[in-house]
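Student: Under the numbering used here, the letters of the sequence shown match residues 5 to 530, in that order. Note that beta-carbon positions come from the ideal geometry of N, C-alpha and C, so glycine has one too. Quantities reported herein were computed from a predicted structural model and do not represent experimental measurements. My questions will all concern the structure given below.
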Amino acid sequence: MTFDWSNPYPSSRAPVFARNLVATSQPLAAQAGLRMLALGGNAVDAAIAAAAALAVTEPVGNGLGSDCYVLVWDGARLHGLDASGTAPAAWNPGYFKARHQGRIPPRGWDSVTVPGAIAGWAHLHERLGSLSFATLLEPAIEYAERGYAITPAVQRKWEAQVDLLQSMPGFADHFMPRGRAPLVGEHFTLRCAAETLRRVADTTGRDFYEGETAHKLVAHAQAHEAALTLNDLRGYAPRWVEPIAQPYHGHMLHQLPSENHAHGMATLVAAGILQHFDLAAHAADHPDAQHLMIEAVKLALAETPREAATLLDPDRLAKCARAIDPRRAQPFSFGRAPQGGTVQVSAADRNGMMVSLVQSNHIGFGSGVVVPGTGVSLHNRGYAFSADASHPNAVAGGRRPGHASTPLLLTRAGAPQASFGVMGGNMQPQGHVQTLVRMVDHGQQPQAACDAPRWRWTHGMSVDAEPSMSTGLIDALRARGHAVERTRDPHADFGSGQFVWRLGDPAVQGYVGASDGRRDGLAAGL
Numbered sequence: 005m006t007f008d009w010s011n012p013y014p015s016s017r018a019p020v021f022a023r024n025l026v027a028t029s030q031p032l033a034a035q036a037g038l039r040m041l042a043l044g045g046n047a048v049d050a051a052i053a054a055a056a057a058l059a060v061t062e063p064v065g066n067g068l069g070s071d072c073y074v075l076v077w078d079g080a081r082l083h084g085l086d087a088s089g090t091a092p093a094a095w096n097p098g099y100f101k102a103r104h105q106g107r108i109p110p111r112g113w114d115s116v117t118v119p120g121a122i123a124g125w126a127h128l129h130e131r132l133g134s135l136s137f138a139t140l141l142e143p144a145i146e147y148a149e150r151g152y153a154i155t156p157a158v159q160r161k162w163e164a165q166v167d168l169l170q171s172m173p174g175f176a177d178h179f180m181p182r183g184r185a186p187l188v189g190e191h192f193t194l195r196c197a198a199e200t201l202r203r204v205a206d207t208t209g210r211d212f213y214e215g216e217t218a219h220k221l222v223a224h225a226q227a228h229e230a231a232l233t234l235n236d237l238r239g240y241a242p243r244w245v246e247p248i249a250q251p252y253h254g255h256m257l258h259q260l261p262s263e264n265h266a267h268g269m270a271t272l273v274a275a276g277i278l279q280h281f282d283l284a285a286h287a288a289d290h291p292d293a294q295h296l297m298i299e300a301v302k303l304a305l306a307e308t309p310r311e312a313a314t315l316l317d318p319d320r321l322a323k324c325a326r327a328i329d330p331r332r333a334q335p336f337s338f339g340r341a342p343q344g345g346t347v348q349v350s351a352a353d354r355n356g357m358m359v360s361l362v363q364s365n366h367i368g369f370g371s372g373v374v375v376p377g378t379g380v381s382l383h384n385r386g387y388a389f390s391a392d393a394s395h396p397n398a399v400a401g402g403r404r405p406g407h408a409s410t411p412l413l414l415t416r417a418g419a420p421q422a423s424f425g426v427m428g429g430n431m432q433p434q435g436h437v438q439t440l441v442r443m444v445d446h447g448q449q450p451q452a453a454c455d456a457p458r459w460r461w462t463h464g465m466s467v468d469a470e471p472s473m474s475t476g477l478i479d480a481l482r483a484r485g486h487a488v489e490r491t492r493d494p495h496a497d498f499g500s501g502q503f504v505w506r507l508g509d510p511a512v513q514g515y516v517g518a519s520d521g522r523r524d525g526l527a528a529g530l
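Following this line, the structure appears as structure tokens:
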């Protein structure tokens, strides 16, 4: 397709053109990926190096104790890797009834499932990597040991969480070295994470699940009467899965399956609904187009957990589309959009390999637990379970919780077109839909799609709008029944997009990349 290469929105960034590209939300991480490409590595090598660096340099959304999810076009076919962790064997509804009055806590050890990210890196490398695993972790080790300067968006999120988490085991010792969050530009080191990463590098990840690091994790869990055991760690393995897809206006949108979690399917459901509307007939910022997207997102997020085949049934999607009133907002759901703390890497190389990788703590820093002597900050993915035994997402030992964190990859005519994602709290499906429509239906180039003002449905009829959204558009949406309010909260998260779009032959025309100015990120190419 042909983009309009202008950018009608205020921006501090320009699109990046290259035959090898990495885009992510922290500049040092993007440079770590680019370093692998300069060494002759492929897009998988770049994505793993960037993910490891992000675990050190953007700990407010991911860490060494995260999960990860990956889509890879290897030059011939699409692969899906689900490296989300499983529940400790002892977990069941009775466990949480006895310890937490039948609720799963949002913080602490009883929100921690087996962390899957490091095993995910190792599995991904074994199948599709080209450089040595130890080489891929060198930048992350350097940043952990020698330190780095804290970037502005990371600092804002860090500072916003310390009051909540400073009492969690190990948090203040590791992430409040001066009794507070680091300042912008302040030097920060996490030397124990460097030692952990060295052991991980030497053992291709196994140390984390059966070596010194594993024993430290379990000892800390036992000291806090938590359920995690060495058998839980030793028995864990990521799984290769078949991606699922939804047609969208001449393209196919691919993601990982998301078991028993409609929120994880919301992007594909919303795209399937919008497939029935001619959005290109409106200007990109026309209220009719924006209204249709808001309504489709509300319908998608209103769904109860069910199987993908049911959610994406064409007749059901058409019925949802008919339920939308083009002129009037409706309260399709009385729930709330999901939360999350997540980062994303988009990478592509000169040989046509393309990667979309998501790494997640679930919510912000995650559980708040940091294991002494390791630098491992643990996610709180277990909080996504239900303690109700009759719920489709009921907690059980060895089970993976439902999730909304999923990478996206766009294809056209059986070939990869784009790796992208908009990460950050409840903006994942909402940002995906808004940027997808801008690029595919309105021909806006990826950086413009990143920079355009966004809205965020929160609950009921309530919609937050960025301050940069025009008064005319806000008034028009209000006239259609949306309760739109501009929000100037500096911690409000309207997402962070990372985009790599294929322009033609990767070895000749290459790609265009973009990184969202709402975070500190960088699209870097060579």
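1) Is the Cβ-Cβ distance between Ala-284 and His-446 less than 8 Å?
2) Output needed for Val-245: all residues of its chain with C-beta closer than 8 Å, excluding positions within five of it in sequence on either side, in chain order.
3) If Gln-448 and Asp-49 are in contact, beta carbons under 8 Å, what's the gap, nearest whole angstrom?
4) Look at the alpha carbon of Pro-318 and the alpha carbon of Ile-277, and state the distance between them as a whole number of angstroms.
5) What are the partner residues of His-191, as DSSP defines its beta bridges?
6) So, does the segment 351 to 363 touch the segment 18 to 25, judging by three or more C-beta pairs under 8 Å?
7) Can you tell me which of Gln-513, Pro-173, Phe-212 puts its alpha carbon nearest to the alpha carbon of Val-375?
8) Can you name, in chain order, every residue of its own chain whose Cβ lies under 8 Å from the Cβ of His-255, other than the five neighbours on each side?
9) From Ala-322, Met-427, Trp-113, Met-431, pick the residue whose C-alpha is nearest to that of Gln-226; which is it?
10) Out of curiosity, what's the CA-to-CA distance linking Leu-315 and Arg-326?
11) Quick one: what's Ala-527 bridged to in DSSP?
12) Among residues of its own chain, excluding the 5 on either side of Gly-69, which ones have a beta-carbon nearer than 6 Å to its beta-carbon?
13) Would you list, in sequence order, the uninterrupted beta strand (DSSP E) runs of no fewer than 3 residues that lie entirely inside the segment 366 to 390?
14) One question on the structure: do Pro-330 and Leu-296 come within less than 8 Å of each other, judged by their Cβ atoms?
15) Under three-state DSSP, which class holds Thr-117?
16) So Pro-97 is in the alpha helix (DSSP H); what residue range does that whole segment cover?
17) Look up Ala-248 in the DSSP assignment and give the residues it is bridged to.
18) For Val-516 versus Ala-54, is the C-beta distance shorter than 8 Å?
19) Residue range of the alpha helix (DSSP H) that Met-431 falls in?
20) With the cut-off set at 8 Å, would you say Ala-527 and Ala-51 are in Cβ contact?
21) Give me the residue from Pro-143, Leu-237, Gly-65, His-290 with the minimum Cα distance to Gly-368.
22) Can you tell me which residues form a DSSP beta bridge with Leu-412?
23) Measure from the alpha carbon of Ala-388 to the alpha carbon of each residue in Phe-137, Thr-378, Gly-370, then state which is nearest.
24) Consult DSSP for Met-473 and reduce its assignment to one of helix, strand or coil.
Tutor: Judging by the given coordinates:
1) Here residue 284 is taken as the residue at index 280 of the sequence shown, counted from 1. Here residue 446 is taken as the residue at index 442 of the sequence shown, counted from 1. Their beta carbons are under 8 Å apart, which means Ala-284 touches His-446 by this criterion.
2) As a working mapping, residue 245 is identified with position 241 in the sequence shown. If the five residues before and after Val-245 are omitted, its C-beta is found closer than 8 Å to the C-beta atoms of Gly-84, Leu-85, Asp-86, Leu-260, Pro-261, all from its own chain and listed in chain order.
3) Within the sequence shown, numbered from 1, the residue matching residue 448 stands at position 444. Within the sequence shown, numbered from 1, the residue matching residue 49 stands at position 45. Not a contact, Cβ separation roughly 31 Å.
4) Counting from one through the sequence shown, the residue named residue 318 turns up at place 314. Counting from one through the sequence shown, the residue named residue 277 turns up at place 273. Looking at the two C-alpha atoms, the distance is approximately 9 Å.
5) On the sequence shown, position 187 is the one that residue 191 refers to. Looking at the DSSP assignment, His-191 forms a beta bridge with Ala-153.
6) yes
7) Along the sequence shown, read from residue 1 onward, the residue named residue 375 stands at position 371. Here the closest residue by C-alpha is Pro-173.
8) By 1-based counting over the sequence shown, the position of residue 255 is 251. Cβ neighbours of His-255 beyond the five flanking positions: Leu-414, Thr-415, Arg-416, Gln-421, Val-444.
9) Position 222 of the sequence shown, counting from 1, holds the residue named residue 226. Gln-226 has its Cα closest to that of Trp-113, out of Ala-322, Met-427, Trp-113, Met-431.
10) The residue you call residue 315 lines up with position 311 of the sequence shown. The residue you call residue 326 lines up with position 322 of the sequence shown. Answer to the nearest angstrom: the Cα atoms are 16 Å apart.
11) Here the question's residue 527 lines up with position 523 in the sequence shown. Partner(s): Ala-27.
12) To locate residue 69, count along the sequence shown from 1; it is residue 65. Closer than 6 Å at Cβ, skipping near neighbours: Pro-119, Val-380, Ser-381, Leu-382, His-383.
13) none
14) Along the sequence shown, one-based indexing puts residue 330 at 326. Along the sequence shown, one-based indexing puts residue 296 at 292. A contact, by the Cβ cut-off of 8 Å.
15) As a first step, residue 117 must be located in the sequence shown, where it is residue number 113. If DSSP states are grouped into helix, strand and coil, Thr-117 belongs with coil.
16) Here the question's residue 97 lines up with position 93 in the sequence shown. The continuous alpha helix (DSSP H) containing Pro-97 extends over residues 97 to 104.
17) Along the sequence shown, one-based indexing puts residue 248 at 244. Here residue 248 is Ile; the residue named in the question, Ala, does not match the sequence. According to DSSP, which records beta bridges pairwise, Ile-248 is partnered with Gln-259.
18) Translated into the one-based positions of the sequence shown, residue 516 becomes position 512. Translated into the one-based positions of the sequence shown, residue 54 becomes position 50. Taking 8 Å as the Cβ cut-off, Val-516 and Ala-54 do not qualify as a contacting pair.
19) As a first step, residue 431 must be located in the sequence shown, where it is residue number 427. Met-431 -> alpha helix (DSSP H) spans 431 to 444.
20) As a first step, residue 527 must be located in the sequence shown, where it is residue number 523. As a first step, residue 51 must be located in the sequence shown, where it is residue number 47. Cβ atoms of Ala-527 and Ala-51: not closer than 8 Å.
21) Within the sequence shown, numbered from 1, the residue matching residue 368 stands at position 364. Comparing Cα positions, the closest option is Gly-65.
22) Position 408 of the sequence shown, counted from the start, is the residue given in the question as residue 412. In the DSSP output, where bridge partners are listed per residue, Leu-412 has Phe-424.
23) In the sequence shown, residue 388 corresponds to position 384, counting from 1. With distances taken between Cα atoms, Ala-388 lies closest to Gly-370.
24) Within the sequence shown, residue 473 is the residue found at index 469, counting from 1. In this structure, Met-473 counts as coil in the three-state DSSP scheme.
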